[in-house]
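J.: If you use our numbering, the sequence shown closes out at 310, no skipped numbers anywhere. Glycine included, each C-beta is placed from N, C-alpha and C at the ideal position. This is the structure I have questions about; it appears just below.
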Amino acid sequence: MITTVTLSPCIDKTATVAKFDPDRMNRVESSRLDAGGKGINVCLALSALEIKSRAIYLNFDGGEIINSALEKAGVEAEQVKCSGRIRTNLKIYDSSTGKTIELNEQNPTIAPKAQQKLAELVVAAAEDSSVIVFSGSVPAGFPKDIYKQLILAAKQANPKAKIVLDCEGESLISGLEASPYMIKPNLEELERSFGTTILSDEEVVALSREIALKYKVGVVLVSLGDRGAIAVTSGEEIRASAKKIRPKSAQGAGDAMVAGACWAISMGLGLRDIIRFGTCAAAGAVEREGTAFCPRERFEELVTSKEE
């Protein structure tokens, strides 16, 4: 079982415009609402690939769309209900450039009782999980090292589970101290988290290897947007070019990459397949509008394509 843990779910509202101009009124060509939050997205991406998963998540007033989306996708769901209104993130997709402007709200402060319940669910789920994904921002109320605490608790419950961490900043740095099996920052998150500017792929590899060695991380998978991705271990590196596709939305692409990589990890596959599955699942998501994910049939087309 692949289990995801989402501390900050959301509703994604995506508005598509022909050409965004900040100095004038912009007409929306189309809009859509999607269940969101990084771990939620990973489960929905896995469902599109016809892989079963479990979502553990906090939820709030107005968050019924999260429950409905997971139920429709056949995802096993375990929620912790919290007080307050769920956040809504506005995504403005400029179809002329393929770029997305993001305006993200914050969720309410999380009470200690809800935090404890979440931790109990994580420990219980760890027992039958081959992969556990901790991802996304951390709402107010949690300790700064919450991911470190949850990873260590999950490892104690099931030392064989492979832990994946996808976050940035203090949450990533403290989480690394628990030695997750894989982390998946994008280039900007890597730079912000480690206070550096990366000017080349060689510098991506060098910093990733330093992280792998210092924190005993099995895989550092860095997404590079339309340039593909780089996967690094303590002694190996693989670079994958982005697939040639017609992009419609980049929203959720990173989560789709995590989903594809986790699928490979759950099957015991190596680094080449981890990056290959990840980049193909991400490419298939970028082809779709809003926060939508790559179906299994399209994934199989992409993963067997000779084009690199």
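Use the C-beta contact count for Asp168: other C-beta atoms within 10 angstroms, 16 or more gives buried, fewer gives exposed.
T.: Locating residue 168 in the sequence shown gives position 166, where the first residue counts as 1. Buried: at least 16 other Cβ atoms inside 10 Å.
J.: Identify the continuous alpha helix (DSSP H) that holds Gly280 and give its terminal residues.
T.: Here residue 280 is taken as the residue at index 278 of the sequence shown, counted from 1. Here the alpha helix (DSSP H) through Gly280 covers 273-288.
J.: Helix, strand or coil, according to DSSP, for Thr199 in the structure here?
T.: Walking along the sequence shown from the start, residue 199 turns up at place 197. Three-state DSSP puts Thr199 in coil, outside helix and strand.
J.: What is the residue span of the beta strand (DSSP E) that Ala113 lies within?
T.: Looking up residue 113 in the sequence shown gives position 111. Taken as a continuous stretch (DSSP letters only), Ala113 belongs to no beta strand (DSSP E), as it is neither H nor E.
J.: Should Gly280 be labelled buried (16 or more other beta-carbon atoms within 10 Å of its own) or exposed?
T.: Here residue 280 refers to the residue found at position 278 of the sequence shown. Gly280 should be labelled buried.
J.: For Arg29, does the three-state DSSP call read helix, strand or coil?
T.: Within the sequence shown, residue 29 is the residue found at index 27, counting from 1. In the structure shown, Arg29 sits in coil (DSSP, three-state: anything other than H, G, I, E or B).
J.: To the nearest angstrom, how far is the alpha carbon of Ala75 from that of Glu190?
T.: Locating residue 75 in the sequence shown gives position 73, where the first residue counts as 1. Locating residue 190 in the sequence shown gives position 188, where the first residue counts as 1. Cα to Cα, Ala75 sits roughly 31 Å from Glu190.
J.: State the DSSP-derived secondary structure class of Ile103, mapped to helix, strand or coil.
T.: One-based indexing of the sequence shown puts residue 103 at position 101. It is a strand residue.
J.: Please report how far the alpha carbon of Ala261 lies from the alpha carbon of Arg26, in whole angstroms.
T.: One-based indexing of the sequence shown puts residue 261 at position 259. One-based indexing of the sequence shown puts residue 26 at position 24. The straight-line gap from Cα to Cα measures roughly 38 Å.
J.: Under the assumption that Val219 contacts Ile175 (Cβ atoms under 8 Å), give the Cβ distance between them as a whole number of angstroms.
T.: Position 217 of the sequence shown, counted from the first residue, corresponds to residue 219. Position 173 of the sequence shown, counted from the first residue, corresponds to residue 175. Not quite, the Cβ-Cβ distance comes to about 12 Å (not below 8 Å), so this is no contact.
J.: Under the rule that 16 or more other beta-carbon atoms within 10 Å means buried, what is Glu310, buried or exposed?
T.: Here residue 310 is taken as the residue at index 308 of the sequence shown, counted from 1. Its pLDDT being 47, under 50, Glu310 is placed unreliably by the model, and the measurement read from it follows with that caveat. Exposed is the call here.
J.: Among Arg274, Ala159, Val140, whose alpha-carbon lies nearest the alpha-carbon of Ser132?
T.: Here residue 132 corresponds to residue number 130 of the sequence shown, with the count starting at 1. Checked all of Arg274, Ala159, Val140; the closest Cα to Ser132 is Ala159.
J.: Roughly how far, in whole angstroms, is the beta-carbon of Val19 from the beta-carbon of Val30, given that I think they are within contact range, below 8 Å?
T.: Locating residue 19 in the sequence shown gives position 17, counting from the first residue. Locating residue 30 in the sequence shown gives position 28, counting from the first residue. Confirmed, Cβ separation roughly 6 Å.
J.: CA-CA distance, Leu92 and Asp14?
T.: On the sequence shown, position 90 is the one that residue 92 refers to. On the sequence shown, position 12 is the one that residue 14 refers to. C-alpha separation (whole angstroms): 6 Å.
J.: If you run the structure through DSSP and keep just helix, strand and coil, what is Lys40?
T.: As a first step, residue 40 is located in the sequence shown; it is residue number 38 there, counting from the start. Helix at Lys40.
J.: Could you spell out the range, first to last residue, of the beta strand (DSSP E) harbouring Lys164?
T.: Within the sequence shown, numbered from 1, the residue matching residue 164 stands at position 162. Element bounds for Lys164: 164-168.
J.: Which residues share a DSSP beta bridge with Arg56?
T.: Here residue 56 refers to the residue found at position 54 when the sequence shown is read from its first residue. DSSP output for Arg56 lists Thr5, Glu78 as bridge partner(s).
J.: Relative to the C-alpha of Leu123, which residue among Val221, Leu152, Ala113, Ala233 is closest?
T.: Translated into the one-based positions of the sequence shown, residue 123 becomes position 121. With distances taken between Cα atoms, Leu123 lies closest to Leu152.
J.: Under 8 Å by Cβ, that's how I've got Asn109 and Pro141 pegged, so tell me the actual separation to the nearest angstrom.
T.: Translated into positions along the sequence shown, residue 109 becomes position 107. Translated into positions along the sequence shown, residue 141 becomes position 139. Rounded, the Cβ-Cβ distance is 4 Å, consistent with contact.
J.: What is the DSSP secondary structure of Ala88, reduced to helix, strand or coil?
T.: What you label residue 88 is simply residue 86 of the sequence shown in a count that begins at 1. The sequence shown places Ile at residue 88, rather than the Ala named in the question. Ile88 falls in the coil class under three-state DSSP.
J.: Just the Cα atoms here: how many angstroms apart are Ala284 and Ser139?
T.: Here residue 284 corresponds to residue number 282 of the sequence shown, with the count starting at 1. Here residue 139 corresponds to residue number 137 of the sequence shown, with the count starting at 1. Whole-angstrom Cα-Cα distance: 20 Å.
J.: Ends of the alpha helix (DSSP H) at Cys264?
T.: Reading the sequence shown from its first residue, position 262 is the one you call residue 264. From DSSP, the alpha helix (DSSP H) with Cys264 extends over 255-268.
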